[in-house]
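To keep things clear, I will list the structure first and then write my remarks on it.
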Amino acid sequence: MAMELTVQIVTPYGEVFRGEVQSCTLPGTEGGFQVLPLHADLVSLLDIGSIKIQINDQTTRFLATSGGYCEVKDNVLKIIVESAEFAEKIDLKRAEAARKRAEQRLKSTQDDIDIPRARLALARALNRIRVAQFVNSLN
Amino acid sequence: MANLREIRKRISSVQSTQQITKAMKMVAAAKLRKAQENILAFRPYAYELRRLIAHLSAMTEDVSQIPLMARRPVEKALLVVVTADRGLCGAFNSNIVRRASERLREYSDTEAELFLVGRKGVEFFHKRPVTVNGQKINFFNELNFNDAVELTDTILNIYREQQFDRVEFIYNEFKSAIQQNVIVEQFLPFVPDEEIMKSPRQVDFLYEPDKATILNNVIPKHLHVQVWRILLESNAAEQGARMTAMENATDNAEEMIHQLTIFYNRKRQASITTEISEIVSGAEALKES
Numbered sequence: 001m002a003m004e005l006t007v008q009i010v011t012p013y014g015e016v017f018r019g020e021v022q023s024c025t026l027p028g029t030e031g032g033f034q035v036l037p038l039h040a041d042l043v044s045l046l047d048i049g050s051i052k053i054q055i056n057d058q059t060t061r062f063l064a065t066s067g068g069y070c071e072v073k074d075n076v077l078k079i080i081v082e083s084a085e086f087a088e089k090i091d092l093k094r095a096e097a098a099r100k101r102a103e104q105r106l107k108s109t110q111d112d113i114d115i116p117r118a119r120l121a122l123a124r125a126l127n128r129i130r131v132a133q134f135v136n137s138l139n
Numbered sequence: 140m141a142n143l144r145e146i147r148k149r150i151s152s153v154q155s156t157q158q159i160t161k162a163m164k165m166v167a168a169a170k171l172r173k174a175q176e177n178i179l180a181f182r183p184y185a186y187e188l189r190r191l192i193a194h195l196s197a198m199t200e201d202v203s204q205i206p207l208m209a210r211r212p213v214e215k216a217l218l219v220v221v222t223a224d225r226g227l228c229g230a231f232n233s234n235i236v237r238r239a240s241e242r243l244r245e246y247s248d249t250e251a252e253l254f255l256v257g258r259k260g261v262e263f264f265h266k267r268p269v270t271v272n273g274q275k276i277n278f279f280n281e282l283n284f285n286d287a288v289e290l291t292d293t294i295l296n297i298y299r300e301q302q303f304d305r306v307e308f309i310y311n312e313f314k315s316a317i318q319q320n321v322i323v324e325q326f327l328p329f330v331p332d333e334e335i336m337k338s339p340r341q342v343d344f345l346y347e348p349d350k351a352t353i354l355n356n357v358i359p360k361h362l363h364v365q366v367w368r369i370l371l372e373s374n375a376a377e378q379g380a381r382m383t384a385m386e387n388a389t390d391n392a393e394e395m396i397h398q399l400t401i402f403y404n405r406k407r408q409a410s411i412t413t414e415i416s417e418i419v420s421g422a423e424a425l426k427e428s
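Written out as structure tokens, the structure reads:
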């Protein structure tokens, strides 16, 4: 019997996902990587990007995340991130609106604009759009 | 309050006030429940972050690599005062501003500035001789995690750029619907949770990237969580305080209506009695003549 990997995704708004999976692919800050059962104990930072969970041979699910970190220990993968949304649940209209807002803020010449923050907001919006569109194209 | 019409008007005005306070109490109760749900939902996240940071900082010998943990003698302090955006919640706001003024006096030989969160605090310190560094108001109604992130980043920027040596939060902690505690809490420099640090962990992990980088990255996230917790606590405490205050107000209105009604009835009876005796004595007078 294959060992199971338990994945737990925790955000400030509560637990988004918990379950046994075959594998999980994560957006590490040093590059993407995949966690399989019996992975070595690891702590890694996560970037803005997509989380892919292979639940079984038939089902794969995707989430958009805005970064955080993950911890692997004894076949339990804890993903602690500031946000994680299942691709199906992403509101494309809202994401587009967020993207436009961020772009406008970057373009404007006012002094009081926090450029790094606007860039991050833009990156997050683009990521959500990308993940949602990718999953839509699969179906 | 002599004539009957005035008393009747008074009663109906107290009644409509009572309706308002009753409604406010219900709204506060609903909001309180929401706030409590939020607190419960975010606990696992906060717990995991705290554990990781305590673990990492126990493993890192060289704290100088982590700027947010560096301690300096306190020459300049920032007090973040968390009040509510609205009033009508008992002593909630006045407890906070009183504690904040006290704290300012305690800092009288060091430079101390205020950062005001919530409209009531701004209104209070508006005309007082204090230095207000910044403010964030009118957001408690639709509180979300981004508010906490924004507030944290603003405070971090102030801390870094204006050479503050210490940041403290003054806020109301939610004990129960009827009890709030005013808390003064050190926010920066960051101190990891010592209890968890003491519990030794046998296994070491692979770290990607290195521990100090992870720590530097995770501490701000942890601070987001701290601020989020404080905002949620304060919000829950505010709703609790308002609920209690409005319940008392409703009860008082009830009492007042009761007394006014008795007074009204007595007056009415008295005027009827006077009228009857006038008529009777009038009739008597006619008979005699």
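Chain order of the listed sequences is A and B.
Under our numbering, the residue at position 55 of the first sequence is numbered 55, and the numbers go up by one with no gaps.
Under our numbering, the residue at position 130 of the second sequence is numbered 269, and the numbers go up by one with no gaps.
For every residue, glycine included, the Cβ atom is placed at its ideal position computed from N, Cα and C.
query, result
"Endpoints, beta strand (DSSP E) assigned at glycine 273 of chain B", "271–275"
"Per DSSP, cross-strand counterpart(s) of arginine 305 of chain B", "B:Ala216"
"Endpoints, beta strand (DSSP E) assigned at glutamate 20 of chain A", "14–21"
"Interface partners of serine 44 of chain A on chain B, CB under 7 angstroms", "Glu347"
"Beta carbon proximity, glycine 19 of chain A to chain B, threshold 8 angstroms", "no"
"Rounded straight-line distance, which links the Cα of threonine 400 of chain B to that of glutamate 417 of chain B", "26 angstroms"
"Isoleucine 305 of chain B classed as buried or exposed, judged by whether at least 16 other C-beta atoms fall within 10 angstroms", "Per the sequence shown, residue 305 of chain B should be read as arginine rather than isoleucine. Arginine 305 of chain B is buried by the Cβ-count criterion."
"Cβ-based neighbour list, lysine 350 of chain B, same chain, cut-off 7 angstroms, excluding 5 preceding and 5 following", "Leu195, Met198 and Thr199"
"Glutamine 58 of chain A beta carbon near the ligand SAH (any heavy atom closer than 7 angstroms)", "In terms of ligand content, the structure shown is empty, and the ligand SAH therefore cannot be addressed."
"C-alpha gap between phenylalanine 134 of chain A and alanine 64 of chain A, whole angstroms", "11 angstroms"
"Helix, strand or coil at tyrosine 186 of chain B according to DSSP, with G and I counted as helix", "helix"
"Buried versus exposed, by CB contacts within 10 Å (16 or more), glycine 67 of chain A", "buried"
"Cα-Cα separation, methionine 140 of chain B to histidine 397 of chain B", "With a pLDDT of 46 at methionine 140 of chain B, under the threshold of 50, the modelled position of this residue cannot be trusted; read the value that follows with caution. Using only the alpha carbons, I get a separation of about 16 angstroms."
"Length of the line joining the Cα atoms of threonine 156 of chain B and isoleucine 178 of chain B", "32 angstroms"
"Distance, phenylalanine 263 of chain B Cα to glycine 379 of chain B Cα", "22 angstroms"
"Per DSSP, the bridge partner or partners of tyrosine 310 of chain B", "B:Ile322"
"Contact the segment 120–137 of chain A vs the segment 81–98 of chain A: 3+ CB pairs below 8 angstroms", "yes"
"Proximity winner among B:Ile322, B:His361, B:Ala392 and B:Lys314, relative to lysine 161 of chain B (alpha-carbon distances)", "B:Ala392"
"Contacts of lysine 100 of chain A in chain B (Cβ-Cβ under 8 angstroms)", "Under the 8 angstroms cutoff, chain B gives no residues; its nearest Cβ is about 17 angstroms from lysine 100 of chain A."
"CA nearest to the CA of phenylalanine 303 of chain B, picked from B:Arg405, B:Thr412, B:Ala388 and B:Val219", "B:Val219"
"Lysine 148 of chain B classed as buried or exposed, judged by whether at least 16 other C-beta atoms fall within 10 angstroms", "exposed"
"Neighbourhood of isoleucine 358 of chain B by C-beta distance below 8 angstroms, restricted to the same chain and skipping five residues each side", "Ile192, Ile205, Leu207, Met208 and Phe329"
"Cβ-based burial, isoleucine 415 of chain B [other Cβ within 10 Å; buried from 16]", "exposed"
"Cβ contact check for the segment 286–304 of chain B and the segment 356–370 of chain B: 3 or more pairs under 8 angstroms", "yes"
"Burial state of serine 233 of chain B, where buried means 16 or more other Cβ atoms lie within 10 Å", "exposed"
"Every unbroken beta strand (DSSP E) inside the segment 12–98 of chain A [3 residues or more]", "14–21, 23–28, 31–35, 42–46, 49–54, 60–65, 68–73, 76–81 and 84–86"
"Distance between proline 12 of chain A and alanine 185 of chain B (C-alpha atoms, nearest Å)", "7 angstroms"
"Identity of the residues DSSP links to leucine 327 of chain B by a beta bridge", "B:Val306"
"Min CB distance lysine 89 of chain A to chain B below 8 angstroms", "no"
"Option in A:Ala40, A:Arg128, A:Arg119 and A:Ser50 with minimal Cα separation from isoleucine 9 of chain A", "A:Ser50"
"Chain A contact for asparagine 391 of chain B (CB, 8 angstroms cutoff)", "no"
"Cut-off 8 angstroms between Cβ atoms - residues of its own chain near alanine 95 of chain A, not counting five sequence neighbours on either side", "Ala125, Arg128, Ile129 and Ala132"
"Among B:Ala409, B:Thr389 and B:Gln325, the one whose alpha carbon lies nearest that of arginine 210 of chain B", "B:Gln325"
"Nearest-angstrom Cα separation, counted from asparagine 356 of chain B out to valine 7 of chain A", "23 angstroms"
"Nearest candidate by alpha-carbon position, reference glutamate 347 of chain B, set A:Ile55, A:Val21, A:Ala40 and A:Gln54", "A:Ala40"
"Assumed close pair leucine 122 of chain A, leucine 106 of chain A - CB separation to whole angstroms, cut-off 8 angstroms", "7 angstroms"
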